[in-house]
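Novice: Residue numbers (the working numbering), protein chains in the order written: chain A, -18 to 335; chain B, -18 to 335; chain C, -18 to 335; chain D, -18 to 335; chain E, -18 to 335.
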Amino acid sequence: MNKTMKKKSVKTGLPPGSLIHIGEKKNKDVQIRLFSYTEDNFEEKLIDINKLSQLLPLKSKVHWIEVEGIHDVDIIKNLGEVFGLHPLVLEDILNTDHRPKIENYENYTYIVAKLLLYYKKESEFSTEQESFILGENYIISFSERKTEIYSNVKERIRQGVGHTRKMGADYLLYSLLDVIVDNYFNVLERLSEEIELAEDELISNPSPETIKVLHKFKRQMLYMHKAVWPLREVMGVLERNETTLMKEATSIYIRDLYDHVIQIMETVETLRDILSSMLDMYLSSISNRMNEVMKILTMIATIFIPLTFIVGLYGMNFRYMPELNWPFMYPVVWVIMISIAVLMLSFFKKKKWW
Amino acid sequence: MNKTMKKKSVKTGLPPGSLIHIGEKKNKDVQIRLFSYTEDNFEEKLIDINKLSQLLPLKSKVHWIEVEGIHDVDIIKNLGEVFGLHPLVLEDILNTDHRPKIENYENYTYIVAKLLLYYKKESEFSTEQESFILGENYIISFSERKTEIYSNVKERIRQGVGHTRKMGADYLLYSLLDVIVDNYFNVLERLSEEIELAEDELISNPSPETIKVLHKFKRQMLYMHKAVWPLREVMGVLERNETTLMKEATSIYIRDLYDHVIQIMETVETLRDILSSMLDMYLSSISNRMNEVMKILTMIATIFIPLTFIVGLYGMNFRYMPELNWPFMYPVVWVIMISIAVLMLSFFKKKKWW
Amino acid sequence: MNKTMKKKSVKTGLPPGSLIHIGEKKNKDVQIRLFSYTEDNFEEKLIDINKLSQLLPLKSKVHWIEVEGIHDVDIIKNLGEVFGLHPLVLEDILNTDHRPKIENYENYTYIVAKLLLYYKKESEFSTEQESFILGENYIISFSERKTEIYSNVKERIRQGVGHTRKMGADYLLYSLLDVIVDNYFNVLERLSEEIELAEDELISNPSPETIKVLHKFKRQMLYMHKAVWPLREVMGVLERNETTLMKEATSIYIRDLYDHVIQIMETVETLRDILSSMLDMYLSSISNRMNEVMKILTMIATIFIPLTFIVGLYGMNFRYMPELNWPFMYPVVWVIMISIAVLMLSFFKKKKWW
Amino acid sequence: MNKTMKKKSVKTGLPPGSLIHIGEKKNKDVQIRLFSYTEDNFEEKLIDINKLSQLLPLKSKVHWIEVEGIHDVDIIKNLGEVFGLHPLVLEDILNTDHRPKIENYENYTYIVAKLLLYYKKESEFSTEQESFILGENYIISFSERKTEIYSNVKERIRQGVGHTRKMGADYLLYSLLDVIVDNYFNVLERLSEEIELAEDELISNPSPETIKVLHKFKRQMLYMHKAVWPLREVMGVLERNETTLMKEATSIYIRDLYDHVIQIMETVETLRDILSSMLDMYLSSISNRMNEVMKILTMIATIFIPLTFIVGLYGMNFRYMPELNWPFMYPVVWVIMISIAVLMLSFFKKKKWW
Amino acid sequence: MNKTMKKKSVKTGLPPGSLIHIGEKKNKDVQIRLFSYTEDNFEEKLIDINKLSQLLPLKSKVHWIEVEGIHDVDIIKNLGEVFGLHPLVLEDILNTDHRPKIENYENYTYIVAKLLLYYKKESEFSTEQESFILGENYIISFSERKTEIYSNVKERIRQGVGHTRKMGADYLLYSLLDVIVDNYFNVLERLSEEIELAEDELISNPSPETIKVLHKFKRQMLYMHKAVWPLREVMGVLERNETTLMKEATSIYIRDLYDHVIQIMETVETLRDILSSMLDMYLSSISNRMNEVMKILTMIATIFIPLTFIVGLYGMNFRYMPELNWPFMYPVVWVIMISIAVLMLSFFKKKKWW
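Below is the structure:
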């Protein structure tokens, strides 16, 4: 996650539309699963990756082809041929460093979104790219690896709970995007909790580690921003029904999703502002402690330096020093020294140094 | 209030439109009150929460159904069924972490606003979510808890003072929003008073506490901004009369409200700029005091260090040190030391250190 | 002026359009003066505030009703009734904390502007609210107190100098706004002079007072910005002739005024940038002086601390210390100490510390 | 140049369109020169400032009336009457503190631009205001003083080099504006050279002077921005051919000029960013040096303070101090002290202090 | 590269459209190469720079005239005459300091782009200007020097791989721009790697060198921004098919390129934000280390200064000092001194200084 960019240099010089997988290989085997349903029927089967042409024709109401693992270029290529996808779309599916976007083609719409997965231990999150092809009565979803996040949607389809079974492929797309966006809330929730912990820590006990933690949070907010900001536009395009693939009835749900994305953006901005303010607090707390230290040093030094001078004075070995022989000189020197110390302390008191 | 986000994770994985209350349970019992009035008549009654269907049909001119307490999901659900509200609207009413927004549906308009309540003791404010359903001749208002803020509007309806009784449900909506916006002025007034107090404190006696107070004010301004900024758009949509629910006559009042919201936004921005400038002042005042302390330390040390060297010099026990036996050496040393001190002091005077 | 907001809380809960004066009572008596003129005639009279209905009908070409003092709510209310002004307009006239704005009503246009008055002694400025009602052939101007700023316009009307007498009420409105905008130039001129003085002071002799002065200037720029920025929009609306009240011929003058407002805005922005840059300079000059002080302390300490160690060394009272009895040891110690001092000084010289 | 504003207060209270010269009187005598040319003919003559009506009628193809010096209000007024210029245009020509702008009137277009003149000695630039009136077949140019910058354009006209003689007054306007914009490149080139010098200086030898130089550059960039930014809009209006005065053929040249202005803006922004970054570098270099100084002080003090304590210890005069009589105590003390010093130094080594 | 501007002052005063080469002479000889191809045929030849008129007429499907080296003004001029290019276009080709732009002329489109070349040794990059003329069935490309970057495109044309041979000149333009944009990814990849290295370095071992490295990165990001930002607009114009030169079929590829440019912009912005955050981290790490140093100094001084005072006290030579003769005074003094040291240390412990 901490890498700003993934290796793209392997592609330089290749003709446009060359299919090369960019990113980690996160899964061993590619799995393709087909969910077909109408309001009354439901079917689920595992597709043999060597017989993709079996997929056609898609007759019943709605089909969801779920592809888990995208590092096998041949499978993606075959799938592209079966469904007539543009080579540039396939290129984008394989390149996992894309920003979220939406592209309308003649018969289908291509959507890229970013899934954030939060790892509690390292208090870090990673980004996965989710691609969707929305056709007239089907969706193809591409995930980088086997993932559990859509399990609730699957369960609802299997059991016919909620609206999913009653509505078209566009509503299914909404459901999948909804899962991704809801997941942002989870990540943000955990981040904001951690930031609040860091804030309390900062107020009670600021330490040099704090600045590194703030830096880490700032980076995370940057990546969050990068993942969410373009999604706003994606939702806007979907809501405006620019293709006939989105039905009127789903548009109201997309608007709701759009609101959620805006809300996430605002929370990200608020957290960034809070982080800035925390940095100010931290820097001023450093200055304050330095001030504290300086004051103590100055007080000790200021009190004892003159006293040390006095005792040095009467440590001189001159033969002719009348004071040395005066009987009451020793207690008098004590009185002088104590007076000096008291005077100094009252001066500091007046300066409000303690 | 200090939490950036409310717990939403409980919702992950549920089908869209699932009704779950997000937020604190702020009230024991849900109370529903119905105000019905025409210019000549006025009726007020408490509705039995188990017989919500009684509410229909709404015949006379204007009806205000005031719902206090939204944690009882069943009541909201029933109300939604009676008035034919979209499940997503009900979901938003129950989720008290929404940003202000307006949504036009076929027969009604849904509006979310944020009510700020200021607690003088803690000098903190809390946010309550107020939702409104504006129908042809009725308004349903949802408050998080029993609240007194609409009492003036109610009194005006009861006694027929002002325009309220003469105008429609849209004017009633305006009156309720006006109460909410007026309340922002109160909160801002108190905040700006406190900020000015902090500013005076900062000039006369800057302390490490100041930075924490500034941080708190900054956060409050962020939340204020978050509550007010989207309201601008809400007012804009209302003013442009995008639905037939808003009458021409009310539009002039909405414009006035729009101006108030802009004015609040500008004051928030001004206060944020002033807080930034205060932070600069504070940081420079720390630097200045550090400078002060350093100067005193340097002066004391610079004067006494050479003197201590001299007295140490004649404290050496060499057998062959001619000065030790010279009769006038002791007073001569005094003269030398006083000259050094005077020289140093005049050097500092020249440097304008005191 | 230094208050960000005026007390508005007195209004909370009142029905919209309730007339309450918000702001200081700046004048004892309200004075209303009527100027009526055509190209050939001119008449000026004081209106009895109890017989406002006398004002109608307004027959001859142009009428200027100048109201000085707005704290007497009854007078404003009567005037509103005579001229058929909307209650919200009257409310805005009485509330002196409004931002500049323009509102078109059926028969008249309502304009709010801010007059800045600069007080040289305190080097502070105060804001007065000027409201204007532009009707078909009349203007009503509302000032917070008796003011001299329009005296030139009046004189030109009285003596028939310039275009004023030849043109309509819209040109008169332009003339009055022109006075207000010209006044901004005066205030800016004085502020920029003071800022340049502060800049010279900052370069020659930076002191802790400087930061407070910079803070004051920043606040003043904020208020200036707040007063001028919305005026841009006001001018834009006037120039676009959105009502029939503004004649084509006056539009060219309004465009000129628009340019002036833009110019003022840019100068305000430039001054804010200069103030930021001055703050940077100040902070770095503090750091530099601290550096200076540290260097002196370090040099003195570094030179004398080893010397003091040496003289302490031979002040020890061990019975068996061979050096104490060597005849040339005392001068040798002097040579050693002087060598150390010279070495140190040349080290500092190399480090460019002096 | 260093003044943010020129004195405008002399104008307060005068009727709009009053002609008063604002700015320095930069020239002794006003000179008016007429260039008339077709593709084949060319004529150049000095105009008697008392017989301006001689200028009309303008028959042959293109005329350029060059006015050098604008402090003589009467001449400008007469010229305005001869060519039927609006009083507000004349007022703007005389007020040399205007921002660049373009105004379309019925028969002519009025353009204001800022000429920057760079003085190498003071490394400062000054601003001159250039005004242009573009008519059907003539241009009137107003310069604040006698200037050489148009000499190349004149030479091209005189000798019939380039397109100028073949094209209309609009192309002449382009040629003059091109000279002004090219001059910005010169000024920017010198400024960027100086900034790069300052940058090298900053890296090799940062001094308190640096911050003042940075402050000066920042101001210059502000003025540059102020002069160039509105020119963008001027070029845009010219390019869009909003008047019939600009021919299609010239539009392509104006687009080129527009590109240049954008390029200048971007370079100004880049330089401002570089200046900010330089300030950061400077501030951190101060902190670093302070750190350096502190470390040296701390090392010296930390090594010698314990040693001085030890030698003081054995300088005490107690009658019963067994160590004083031990024969090997003196060398033992030396060993102890050297060990302490070595230990300290290795500690600092570990801390990477030297 | 480190120069913000190239010398343009040589052009001041010349008539518009004067052809002068601005920039380094990066190549000895100018080489012009012609690639002509249809789907079935392919021809490649070197053109004699003295017989440029041979180039016409261009019959077969697509022609690519590749010009390497632009310092020979005559060749460019001849080429311009042969293809009927506007003098301003030729001027822009020769001026290598242009920002990326697109200009539509009647028969051709002119495009400027910036090629970034990264030099690993100096970890610096240089900018080359690439100009393209897109005609009905030809492209002319102008490079500043002999370059290898298009070799892949050439190979694909020669061998008929990919779509290039099947499509028109517009697709060839896309292929060339694609090479340039892909190259940005390479440069960004290396820069982001280096920035991450610097970040690790900053966290583990911050040094004064760091700030200079950050400054260098910031400058590079500024130049990157300057090269890429205007390209966004170029792509936008190409995508919107504003001329008939761009075919519908290529538009989808241009959209892909547009996405890449946006992605580069966002990465540049992210890196700039990270650099800012790194600067904050660095500054706070300086402050922290200063704090560290101060604490050690203060602890040593605070412990030993009082002890040194005590030993000085009993080094005084008064004849009447009773303590000096008490037999157990010496060990008692030791006890007192140790107690003071322990007390001090526990005080520091409480303050969490170690």
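In this text, a Cβ means the ideal position worked out from N, Cα and C, and glycines have one as well. Everything numeric in this text was worked out from a predicted model, so none of it was measured.
Is there a C-beta anywhere in chain C that falls below 8 Å from the one on D:Asn306?
Specialist: Closer than 8 Å to some Cβ of chain C, the Cβ of D:Asn306 qualifies, so yes.
Novice: For a contact meaning CB atoms closer than 7 Å, what does E:Ile267 contact in chain D?
Specialist: Going along chain D in sequence order, the residues near E:Ile267 (Cβ under 7 Å) are Ser265, Ser268, Asn269 and Asn272.
Novice: Let me know the alpha helix (DSSP H) ranges lying completely inside the region 106 to 170 of chain E, each 4 residues or longer, listed in chain order.
Specialist: You should have 132 to 140.
Novice: C:Glu103 and C:Ser124: beta carbons closer than 8 Å?
Specialist: No, the pair does not count as a contact, with Cβ atoms beyond the cut-off.
Novice: When DSSP labels each residue in this structure, what does C:Asn(-17) get in the three-state scheme?
Specialist: With a pLDDT of 42 at C:Asn(-17), under the threshold of 50, the modelled position of that residue is not reliable, and no figure is offered here.
Novice: Is the region 54 to 74 of chain C in contact with the region 198 to 206 of chain C, if contact means three or more CB pairs nearer than 8 Å?
Specialist: With a cut-off of 8 Å, the region 198 to 206 of chain C and the region 54 to 74 of chain C do not count as touching, because too few Cβ pairs lie within range.
Novice: What residue range is occupied by the uninterrupted alpha helix (DSSP H) comprising E:Trp315?
Specialist: Taken as a continuous stretch (DSSP letters only), the alpha helix (DSSP H) holding E:Trp315 covers Met310 to Lys331.
Novice: Quick check: the Cα distance between E:Ala230 and E:Gly143, rounded to an integer number of angstroms?
Specialist: Rounded to whole angstroms, E:Ala230 to E:Gly143 spans 15 Å at the Cα level.
Novice: According to a CB-to-CB cut-off of less than 7 Å, which residues of the region 284 to 300 of chain E neighbour chain A?
Specialist: Within the region 284 to 300 of chain E, the residues whose Cβ lies closer than 7 Å to some Cβ of chain A are Ile286, Pro287, Thr289, Phe290, Gly293, Leu294, Gly296, Met297, Asn298, Phe299 and Arg300, listed in chain order.
Novice: Near D:Ala94, which residues of its chain fall below 6 Å by C-beta distance, leaving aside the five closest residues on each side in sequence?
Specialist: These residues qualify, in order along the chain: Pro81, Glu111 and Ile161.
Novice: Measuring CB to CB, does C:Leu(-5) end up less than 8 Å from C:Arg14?
Specialist: No. Outside cutoff.
Novice: Rounded to a whole number of angstroms, what is the C-alpha to C-alpha distance between A:Leu69 and A:Gly(-2)?
Specialist: Between A:Leu69 and A:Gly(-2), the C-alpha separation is close to 5 Å.
Novice: DSSP puts D:Tyr91 in a beta bridge; with which residues?
Specialist: Paired residues: D:Glu84 and D:Ile114.
Novice: List the residues of chain C whose Cβ lies closer than 9 Å to the Cβ of D:Tyr239, in chain order.
Specialist: Within chain C, no residue comes near D:Tyr239; the closest Cβ sits about 20 Å away, beyond 9 Å.
Novice: Output the distance between the C-alpha atoms of A:Leu326 and D:Leu288, rounded to the nearest integer angstrom.
Specialist: Between A:Leu326 and D:Leu288, the C-alpha separation is close to 28 Å.
Novice: Does any C-beta atom of chain A lie closer than 8 Å to the C-beta of B:His67?
Specialist: With 8 Å as the cut-off, B:His67 counts as an interface residue toward chain A.
Novice: Please return the same chain residues whose Cβ sits closer than 8 Å to the Cβ of C:Ala322, not counting the five positions on each side in sequence.
Specialist: Around C:Ala322: Ile284 and Leu288.
Novice: Any idea what DSSP makes of D:Asn51, helix, strand or coil?
Specialist: It should be pointed out that residue 51 of chain D corresponds to Ile in this sequence rather than to Asn. Looking at D:Ile51 - three-state DSSP - the assignment turns out to be coil, as it is neither helix nor strand.
Novice: Cα separation between E:Met(-18) and E:Ser173?
Specialist: With a pLDDT of only 37 at E:Met(-18), under 50, the local geometry of the prediction cannot be trusted, and the value read off the model is given with reservation. In a straight line, the C-alpha of E:Met(-18) is about 19 Å away from that of E:Ser173.
Novice: Identify, in the order they occur along the chain, each residue of the same chain with its Cβ nearer than 8 Å to the Cβ of B:Glu136, setting aside the five sequence neighbours on each side.
Specialist: Contacts found: Val142.
Novice: If you check the beta carbons only, do D:Arg213 and D:Val249 fall under 8 Å apart?
Specialist: The answer is no: Cβ separation not under 8 Å.
Novice: Flag this pair as touching only if the region 269 to 286 of chain E and the region 249 to 261 of chain E have three or more C-beta atom pairs under 8 Å; answer yes or no.
Specialist: Output reads no: the region 249 to 261 of chain E does not touch the region 269 to 286 of chain E.
Novice: What residue range is occupied by the uninterrupted alpha helix (DSSP H) comprising A:Phe198?
Specialist: Unbroken alpha helix (DSSP H) run through A:Phe198: Pro189 to Glu220.
Novice: For E:Ile235 and E:Tyr155, which I take to be in contact (beta-carbon distance under 8 Å), what is that distance rounded to the nearest angstrom?
Specialist: Going by Cβ atoms, the distance from E:Ile235 to E:Tyr155 rounds to 6 Å, so yes, they are a contact pair.
Novice: Taking C-alpha atoms, which residue in C:Asn269, C:Gln12 and C:Asn118 lies nearest to C:Leu37?
Specialist: It is C:Asn118 whose Cα lies nearest to the Cα of C:Leu37.
Novice: Starting from C:Gly141, find everything on chain D with Cβ-Cβ shorter than 7 Å and list it in chain order.
Specialist: Correct list: empty, because the minimum Cβ distance to chain D is about 11 Å.
Novice: For B:Ile83 versus B:Val215, is the C-beta distance shorter than 8 Å?
Specialist: Closer than 8 Å, so yes.
Novice: Give a yes or no on whether the minimum CB-CB distance between A:Tyr234 and chain B is below 8 Å.
Specialist: Interface residue, yes.
Novice: Please name the residue in E:Glu175, E:Leu294, E:Phe166 and E:Met302 whose C-alpha comes closest to that of E:Phe198.
Specialist: Comparing Cα-Cα distances from E:Phe198 to each of E:Glu175, E:Leu294, E:Phe166 and E:Met302, the minimum goes to E:Glu175.
Novice: Assuming B:Thr90 and B:Thr224 form a contact by the criterion Cβ under 8 Å, report the distance between their Cβ atoms to the nearest whole angstrom.
Specialist: So it is a contact: roughly 6 Å between Cβ atoms.
Novice: List the residues of chain A that B:Met310 touches, going by C-beta distances under 8 Å, in chain order.
Specialist: Per Cβ cutoff of 8 Å: Phe299 and Tyr301.
Novice: Once DSSP output is grouped into helix, strand and coil, what is the label at E:His79?
Specialist: Of the three classes helix, strand and coil, the one that applies to E:His79 here is coil, per DSSP.
Novice: Less than 8 Å separating the beta-carbons of B:Leu153 and B:Trp45?
Specialist: The answer is yes: Cβ separation under 8 Å.
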